[in-house]
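Asks: Counted the way full-length UniProt numbering counts, the sequence shown spans residues 1 to 151.
Glycine included, each C-beta is placed from N, C-alpha and C at the ideal position.
Have a look at this one before I ask anything.
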Amino acid sequence: MWSMPDLPPITLDSDVDAADRASAIDFINRVNLLFDAWDIDAMVEAFLPDGVTYHTHGVSRGRAEIRSFFQRAYPYSAPGVSRLATNPIVDRDGEGVIVRYHNLLVRYAPPDAVPGMITAEVVGTPGELPAIWVYSAMTDRLRRTDRGGAS
């Protein structure tokens, strides 16, 4: 079993200023929208070149492995699914911040019906949709870059 190393303890308050907190949460939400749109190039660019993902399908290190993971193991959870990051807490983490939150994946359309995020349209769905599809606790380590945050 693997786990993200060296997580700081959760405390009752944070010394992260409001601007850094808002920026980190905004970054998480923007990346979630990239997943909703299934924009693999932009999703991969959201990670630092040496970024690491920990997933039930394994650990991916660096952008090439992360891209391969998205293409190979992740497509089932992208089309027709929206991601909602809830209950975020932001704490200091070395040179950056760590964001812990709950990610709800809501399936709003069958996987084969939607190639990516639909905007400005009302989508008719089968009677059982939308439905909460997956819930997961998430932890993202972020570092500020010239382009904004990155995981």
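#1: Since I believe Val90 is in contact with Ala24 (beta carbons under 8 Å), could you give me their beta-carbon distance rounded to a whole number of angstroms?
#2: Does the Cβ of Tyr101 have 16 or more other Cβ atoms within 10 Å, making it buried, or fewer, making it exposed?
#3: Going straight from the alpha carbon of Pro111 to that of Ala85, what length do you get?
#4: For Ile40, collect the residues of the same chain with a Cβ closer than 8 Å to its Cβ; drop the 5 residues on either side in sequence, then sort them by chain order.
#5: So the alpha helix (DSSP H) Gly62 belongs to, where does it begin and stop?
#6: Would the region 48-60 count as touching the region 13-31 if we require 3 or more Cβ pairs under 8 Å?
#7: Please identify the residue among Ser136, Leu142, Val44 and Val81 whose C-alpha is closest to the C-alpha of Val106.
#8: By a C-beta neighbour count over all protein chains shown, 10 Å radius and 16 as the cutoff for buried, is Arg61 buried or exposed?
#9: Under the DSSP definition of a beta bridge, which residues are partnered with residue 161?
#10: What's the C-alpha gap between Ile10 and Leu33?
#11: From the beta carbon of Ala73, is the nearest beta carbon of chain B less than 8 Å away?
#12: Going by DSSP in three states, Ala19 sits in which element: helix, strand or coil?
#13: Run through the DSSP bridge pairs and tell me what Ile89 is partnered with.
Replies: Reading off the structure:
#1: 5 Å
#2: By the 10 Å Cβ count, Tyr101 comes out buried.
#3: 21 Å
#4: Arg67, Phe70 and Gln71
#5: Gly62 to Arg72
#6: Counting Cβ pairs under 8 Å, fewer than three are found: no touch.
#7: Taking only the C-alpha atoms, the option nearest Val106 is Val81.
#8: The residue is exposed, with fewer than 16 neighbouring Cβ atoms inside 10 Å.
#9: Any question about residue 161 goes unanswered here, given that the chain covers just 1 to 151.
#10: One Cα belongs to Ile10, the other to Leu33, and the distance between them is close to 27 Å.
#11: Protein chains in the displayed structure number just one, and chain B is not present.
#12: helix
#13: Arg100
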